[in-house]
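First residue of the sequence shown: 853, per the working numbering; consecutive thereafter. Just so you know, even glycine gets a beta-carbon here, dropped at the ideal spot from N, CA and C. Here is the structure we will look at, set down as structure tokens.
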Amino acid sequence: MSAAWCQPPLPPLSEPLPGLSEPTAPPPSLSASAARSPFNLHFIVAEDFLNRFIARNQVEPGEVDDFILGAKVDGQQWTATQLHVDLKPSPERALALFILDGHVQSQTIGRTEQGAVHTLGRQQFHAVKEVFFAGQHLSTRHAAVHVRAENRPIGATTRLDGTPLQGLGSRIALKMAERQRPQSEEIARNRVVERVYPSFDKEIDQQLADANDRLDLQLRGLLRRANLLPTQQLARSNETHLHYAGRFVVPDSAVNPAVPTALLAQPHGITVQLHESLLNALLDRLNLKGRKITDREFRQMGAELRSLVRGGSEGDDASDSPPPAIKLDTEIEFDAAQPLVLRFQKSQMELELRATFRPAGQPLLPALSITIPVRLERRPTDEWTLIYGDIAMRPLDGGELPAVTKTVIEQTLRADLPAVSFPAVLTSAAWPADKPRLKLAELQAMEGWLIAGIDAEPIAGPMPVGPAPLGPTPYAPGPFDGRPLGPVLERPTPFPPDEGVPIRARRR
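Structure (structure tokens):
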């Protein structure tokens, strides 16, 4: 198969992600002078990453069976198409152009009662469909299709063949075909528009409708049931990246977090920036302030959280949990102001627990502040593993704990800390086998932010494409200048500039 018809590999992400590798080049949504932003969750997606999932090359052979300018036209054609996404600067909502470029080559014979004309044809088309994303749903406009067509008569047969006037008859037939060439090329353009426009427009509309249903029913439906819908959000784009930001869980009266400035070592397909305020607000929903529970109940809460991280069902990890170091129940009374606080700093996560511990219900210990440093480390086995640092503790009243007491408490806590690990490649049975898998490639915790870099793993085997054209390339006309030569749909349907068309899949 000719290399020209194979899917070319997408180039690596060579340019830095805005705002992550260049402190002077912030994400497209944030001005360089902004010190704070209301958003505590950011997703920055590279255009190259999107094309890993959307771009495709395809070659389709076909038959020509038409009636043009009084002639019955038969033959073969080969259509090669390339689909890709091109992000465009849009400060108020993300804008992506779905672009379909195509080349059609044909070899046809037009027959009349007087003879037949052999023609080599070439059409080029450029179809563009705008897709908008403002944070809630995808919207679109009708596609615009631009076409250029060239038909070249290369030979003719007439009733005069086999006679001394054979050459004259062929020249007359070719001359007539040349005179009709502008009309035949206009018809060819119309045929391309009639064939490309409805299929391209319908295909993208259906994909967007399905995506909107998944966004609304699965993602936003889940957030809605958990009361986690964002109170503020934005989506915008520049030439290379799409940026979504949202404010989740925290009240509008809360202090806005500082804009993240921590750097990842490498640019990635998706960069996720998660502020500690979001997780602390989720911890507040546990209603631990002043609450009294036993260490057994607290341990069960940890097991359920660990099960969620692993993606299993509740209680599926009981077999690998260590036996409790303290046999008798210990009563835990959480602090009434800040029972559980999480911080991202110094390349690690710090979990601070403030509570009073009463072994067997006895008031033997003062109220304590216990800080457990945690970091995620990537193993050679391509797994991420939780690593616990040195546990720090102090009485909340400012006193001192005896060294022996500290040692006993630390040993007790370490015995109950769960061993958590998960694969770097994020697998799912529902993930399409022909799409690249997502891989958690890098993590950084700094200045209140947890920043994750996600890349796309290559799929196994080459991307399937159609067969190479069997016919030769008969000629090489000048480069396609992109002028809208098609007679219809030269411009998008003039919807209001601030509104696309939100679409939904048709219910069956």
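Coil, strand or helix - E912 by DSSP: strand
Identify, in the order they occur along the chain, each residue of the same chain with its Cβ nearer than 6 Å to the Cβ of D844, setting aside the five sequence neighbours on each side. Residue 844 lies beyond the range of the chain shown here (853 to 1360); nothing can be said about it.
Does the Cβ of E1252 have 16 or more other Cβ atoms within 10 Å, making it buried, or fewer, making it exposed? A residue is called buried once 16 or more other Cβ atoms fall within 10 Å of its Cβ, and E1252, having fewer, is exposed.
Going by the CB atoms, is the gap between G927 and Q966 shorter than 9 Å? no
Give me whichever residues DSSP pairs with G962 in a beta bridge. V925 and V969
For A1008 versus V969, is the C-beta distance shorter than 9 Å? yes
For L952, collect the residues of the same chain with a Cβ closer than 7 Å to its Cβ; drop the 5 residues on either side in sequence, then sort them by chain order. T933, L935, A979 and F1052
List the residues that DSSP assigns as beta-bridge partners of G1305. T1123 and E1294
Among all the DSSP beta bridges, which residues are the ones paired with F1186? A1207
Below 7 Å CB to CB, which residues in the same chain sit around N1132 once its five sequence neighbours on both sides are set aside? V1193 and L1194
A1025 (DSSP reduced to helix, strand or coil): DSSP, read as helix, strand or coil, puts A1025 in helix.
Please report the distance separating the alpha-carbon of W1301 from that of E1002. 57 Å
CB of A1188 within 9 Å of CB of G1142, strictly: yes
Rounded straight-line distance, which links the Cα of P913 to that of D1062: 29 Å
Are T1257 and L1217 closer than 9 Å when you measure CB to CB? yes
Report the option in G1250, T1233, D1181 and Q976 whose CA atom is closest to the CA atom of P1211. Measuring from the Cα of P1211, the nearest candidate turns out to be D1181.
Please list the terminal residues of the continuous beta strand (DSSP E) segment that includes L1220. L1220 to R1230
Whole-angstrom distance between Q1070 and P1284, CA atom to CA atom: Distance between the alpha carbons of P1284 and Q1070: 17 Å.
Assuming the contact rule is C-beta atoms closer than 8 Å, E899 and H1093 should be a hit. Round their C-beta distance to whole Å, please. 7 Å
Quick one: Cα of S889 to Cα of L1116, how far? 20 Å
With DSSP as the reference, label A887 as helix, strand or coil. Of the three classes helix, strand and coil, the one that applies to A887 here is coil, per DSSP.
Taking the straight line between their C-alpha atoms, what separation do you get for L902 and V937? 7 Å
How would you label L921, buried or exposed, when you count the other beta carbons within 10 angstroms and need 16 or more for buried? By the 10 Å Cβ count, L921 comes out exposed.
I need the DSSP call for T1010, collapsed to helix, strand or coil. strand
Nearest residue (CA-CA) to Q1296, options Y1049, Q1085 and R1227: It is R1227 whose Cα lies nearest to the Cα of Q1296.
Suppose contacts are defined by Cβ-Cβ distances below 9 Å. Is A887 in contact with A1110 by that definition? The Cβ atoms of A887 and A1110 sit closer than 9 Å to each other.
Out of A1219, G987 and R904, point me to the one whose CA is closest to L947's CA. G987
What runs of the beta strand (DSSP E), each 3 residues or longer, lie entirely inside the region 1088-1158? 1093-1099, 1122-1127 and 1144-1146
Sort out for me which residues DSSP pairs S1051 with in a bridge. DSSP output for S1051 lists no bridge partner at all.
May I ask you to report which of helix, strand or coil DSSP gives L1080? coil
Starting from the C-beta of I1039, find all residues in its chain whose C-beta is less than 6 Å away, skip the five residues before and the five after it, and write them out in chain order. I920
With M1221 and L1248 assumed to form a contact (beta carbons below 8 Å), what rounded beta-carbon distance in angstroms separates them? The sequence as given places Ser at residue 1221; Met does not occur at that position. Between L1248 and S1221 the Cβ distance is about 6 Å, and since that is below 8 Å, they are a contact.
Hey, out of D1136, H1127, I1184 and L990, whose CA is closest to Q1058's CA? L990
Coarse secondary structure for G1318, derived from DSSP in three states: Legend: pLDDT at G1318 = 35, less than 50; position of this residue unreliable, no value from coordinates given.
The alpha helix (DSSP H) spanning I896 covers which residue range? First-last for I896: L893 to A898, but that is the beta strand (DSSP E), not the alpha helix (DSSP H).
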